[in-house]
Amino acid sequence: EREVANIWQKVLNLSQIGANDNFFELGGHSLLASQVISRLRDVFSVELSLHSLLEYPTVASLAQTIEVLNVAKNTKAASKGGTVMTTASENYEEGEL
Numbered sequence: 001e002r003e004v005a006n007i008w009q010k011v012l013n014l015s016q017i018g019a020n021d022n023f024f025e026l027g028g029h030s031l032l033a034s035q036v037i038s039r040l041r042d043v044f045s046v047e048l049s050l051h052s053l054l055e056y057p058t059v060a061s062l063a064q065t066i067e068v069l070n071v072a073k074n075t076k077a078a079s080k081g082g083t084v085m086t087t088a089s090e091n092y093e094e095g096e097l
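Take the sequence shown: its letters are residues 1 to 97, numbered as in the UniProt record's numbering.
Here it is as structure tokens:
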């Protein structure tokens with residue numbers, strides 16, 4: 001969460017961001033979302049789409065999604081003996097809770 005919040009702080013030019021703050025309520029828009037997604041890809045080596053930020057607009061929810069992607073990536077890499085890039089859509093199924 002800390003690294004996600006740091007990226008948001010830089011892109012949104014804010015001094016503090018909480019775990020439950022909503023990216024779009026903080027003034028985020030599609031152009032800034034593109035910057036966030038690009039930085040997250042670089043830092044965490046995960047493939048995220050702009051839609052991911054719409055689905056997971058808080059620091060906590062996005063950090064959890066990144067963690068799930070990293071676990072899936074590491075599991076796939078271990079079974080294949082290499083590095084694998086995963087996407088958010090690969091790791092979630094639609095359904096009711």
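Every residue, glycine too, gets a C-beta built ideally from N, C-alpha and C.
Taking only the alpha-carbon atoms, compute the straight-line gap between residue 7 and residue 25 and give it to the nearest angstrom.
As the crow flies, the alpha-carbon of residue 7 is around 16 Å from that of residue 25.
Own chain, CB closer than 6 Å to residue 5, minus 5 neighbours either side, in chain order:
17 and 59
Under the assumption that residue 48 contacts residue 41 (Cβ atoms under 8 Å), give the Cβ distance between them as a whole number of angstroms.
6 Å
Exposed or buried, residue 43, counting other C-beta atoms within 10 Å across all chains shown (16 or more means buried)?
exposed
What does DSSP give as the partner residue(s) for residue 58 in the beta ladder?
Paired residues: 22.
If you measure between the beta carbons of residue 163 and residue 1, is that distance less than 7 Å?
It is not possible to answer for residue 163, since the shown part of the chain is limited to 1 through 97.
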